[in-house]
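Remarks on the structure that follows.
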Amino acid sequence: MVRFFTTRPFFGILLLTLTVNLLLTWVLVDRKQQVERVKLESIARAQRDALHNDLHRLVYKVETLGALAVDPDGHVVEFERVAAALRDDSIVQAFALAPDGIINAVFPCDPANSMLVGQDMLSDSLGSNEAVKARHAPRLTLAGPVTLPDGGSALVGRLSLYLNDGQGHARYWGTAAIFLRFPEVLAASDLYLLGNMNMAFGLWRACTQPDKKRLIAGNIESESGPVSIEVPINILNARWFIRVASNEAWYTSLETWLYVALSILLSLFLSGLVQRNHDLTGIRTYLEAIAYRDPLTGALNRRGLFDELQRRITSAAKSKFVLYYIDLNNFKAINDTYGHEAGDRVLQLFTEVVRAHAHLTHVLGRIGGDEFILLLSGPPVSQRDEVAFDCMRKALANGLPSQKIPGPITFSMGRAVYPDDAQTADALLSCADAAMYQEKERAKNG
211 MVRFFTTRPF FGILLLTLTV NLLLTWVLVD RKQQVERVKL ESIARAQRDA
261 LHNDLHRLVY KVETLGALAV DPDGHVVEFE RVAAALRDDS IVQAFALAPD
311 GIINAVFPCD PANSMLVGQD MLSDSLGSNE AVKARHAPRL TLAGPVTLPD
361 GGSALVGRLS LYLNDGQGHA RYWGTAAIFL RFPEVLAASD LYLLGNMNMA
411 FGLWRACTQP DKKRLIAGNI ESESGPVSIE VPINILNARW FIRVASNEAW
461 YTSLETWLYV ALSILLSLFL SGLVQRNHDL TGIRTYLEAI AYRDPLTGAL
511 NRRGLFDELQ RRITSAAKSK FVLYYIDLNN FKAINDTYGH EAGDRVLQLF
561 TEVVRAHAHL THVLGRIGGD EFILLLSGPP VSQRDEVAFD CMRKALANGL
611 PSQKIPGPIT FSMGRAVYPD DAQTADALLS CADAAMYQEK ERAKNG
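Per my numbering, the very first residue in the sequence shown carries number 211; after that it's consecutive.
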């Protein structure tokens, strides 16, 4: 099996691109949540401003009521006419006057409102904390929502009325109040329409205890939605908070999963391209190896060797190089005696030995059964080459014990130098071949 067929590039690129794409997806999702948060804040501020303006417009009617319905002597004058003129909105349930804090006049005096007569506005039932604040200062306060005697709920705006006691001192006369239907009064801000927009909303009021809030309208989910914001709203003495939350979490959004799916598909596509390029490169390398290299030893074959020689000879540098023609001695006898498998192993051993001891810049080729060509760059260095060949002979001296081939395994060689001895590939090979046979003959005769 060829080694280049591996999935490591695929999974490496897949991991890298998937990480990058998912990070980009997270940036897009986070950006979307930021946009959603800005959108929620814009909606909440718009609702806050609408509610703030409408409640102020309604509650400040109490000042007009107190100024017109109570004369400087403390007498109630034309209360019903003034209240009727001020009651221009159905959200206003009633106007009331409470001398010394006890309600004795309401408008309109229908069965539900008539139950307010006799109620103590300084008691717990109608927001005592705000009543006490109003009692000690001539300023408007807002309480609620409070439960009325008829079972309904209302916001109570009140103003303490102070009259001159004749000696230059202000004397508490009583309280003027307005009762606003709750939660109908919230219609001005369209808060309840947010539910149709898949948003949770809540209107919270600060309690007397620090960091405590009470939900007075909406739903509790507004406090813990996936994306939520809180906008404060100050109405007179009351400190409220509008909280708006999106009910859609990032992991429930179709857009988010579309981003994830596209990231995975893009990563798979890029990884496939890289893997395909890697496989094609491997195939090309493998085919070149088949075409230019000897499959048994891994050395250049005849075609590869001649291409290398031609490249060196035709290069503009015309650099010197040394060609050694090497032939194994008695190789035919090894093949005949120990078999072709043993002979192949001898060729492989010889190739390994040459590569281990030859100069680093060498090129080794096999041009025949037991014939090898060794190319060394640069001019001949006899001492260096002799040392290398001596090391090769020592490495081959023990033979090949695994194949039961005794040593030594010997070789003969001849040398030719380009361009001193010849200027063409064929001429160099012929020159080196002749020198090799001369050495072989000397060895036989010696």
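Beta carbons are placed, not taken as given, at the ideal position from N, Cα and C, and that holds for glycine. As the structure is a prediction and not an experimental result, all values here were calculated from the model.
Residue state for ARG576 is assigned as strand, using DSSP reduced to three classes. Between GLY361 and the set ARG391, THR235, ARG247, GLU290, the nearest pair of CA atoms involves ARG391.
Annotation note: the segment 456-541 contains the following uninterrupted beta strand (DSSP E) runs of length 3 or greater, listed N- to C-terminal: 531-538.
Its chain contains ALA509, LEU510, LEU515, ILE583 as the residues whose beta carbon lies nearer than 6 angstroms to that of GLY575, once the 5 sequence neighbours on both sides are disregarded; these appear in chain order. The bridge partners DSSP lists for THR385 are ALA308, SER370.
Around the beta carbon of SER456, a 10 Å sphere encloses 16 or more other beta carbons of the protein chains shown; the residue is thus reported as buried. Taken atom to atom, the span from the alpha-carbon of ALA501 to that of THR507 is near 14 angstroms. The shortest CA-to-CA distance from ALA598 to any of ASP489, VAL564, LEU585, GLN613 is the one to VAL564. An exposed status is given to ILE430, since fewer than 16 other beta-carbon atoms sit within 10 Å of its beta-carbon. From the listed residues SER587, PHE220, THR227, LYS242, the smallest Cα separation to THR466 is found for LYS242. DSSP lists PHE531 as the beta-bridge partner residues of TYR628. Per DSSP, reduced to three states, the secondary structure at SER622 is strand.
Under the DSSP assignment, THR561 falls in the alpha helix (DSSP H) whose first and last residues are 550-567.
Three or more beta-carbon pairs drawn from the segment 598-610 and the segment 555-563 are found closer than 8 angstroms, and the two stretches are therefore classed as touching.
Nearest to GLN633 by alpha-carbon distance, out of GLN485, ILE523, GLU433, is ILE523. Between the segment 287-299 and the segment 369-387 there are fewer than three inter-stretch CB-CB distances shorter than 8 angstroms, so the stretches are not counted as touching. Shown here for ARG247: same chain residues with a beta carbon closer than 8 angstroms to its own, the five before and five after excluded, namely VAL437, ILE439 in chain order.
The DSSP-derived three-state label of VAL286 is strand. For the set VAL441, THR418, VAL272, ARG218, the Cα lying nearest the Cα of LYS249 is the one of VAL441.
In terms of Cβ geometry, GLY412 and LEU425 form a close pair [threshold 8 angstroms].
Only exposed fits VAL591, as fewer than 16 other CB atoms lie within 10 angstroms of its CB. ALA364 places its beta carbon less than 8 angstroms from that of GLN303.
For MET409, the three-state secondary structure derived from DSSP is strand.
Here the C-alpha atom of ASP320 lies approximately 32 angstroms from the C-alpha atom of GLN257. The way I'd put it, the segment 476-495 doesn't touch the segment 535-547; fewer than three beta-carbon pairs between them come closer than 8 angstroms. Distance from the CA of HIS572 to the CA of ASP630, rounded to the nearest whole angstrom, comes to 19 angstroms. Non-local beta-carbon contacts of ARG521 in its own chain, meaning distances under 8 angstroms to residues more than five positions away in sequence, are absent. If you ignore the 5 residues before and after LEU268, its C-beta comes within less than 8 angstroms of the C-beta of ASP299, ILE301, VAL302, GLY367, ILE388, LEU390, VAL395, all in its own chain and listed in chain order. Per DSSP, reduced to three states, the secondary structure at LYS604 is helical.
Residue pairing from DSSP leaves ASP595 without any beta-bridge partner. Counting every other CB atom within 10 Å of its CB across the protein chains shown gives TYR469 a total of 16 or more, marking it as buried. Within the model, the alpha-carbon separation for GLN648 versus SER612 is close to 33 angstroms. In the DSSP annotation of this structure, GLY428 is not part of any alpha helix (DSSP H); the continuous beta strand (DSSP E) holding it starts and ends at 423-428. Spatial neighbours of GLY311 in its own chain (CB-CB distance under 7 angstroms, excluding positions within 5 residues in sequence) are listed in chain order as ASP330, MET331, LEU332, GLY384, THR385.
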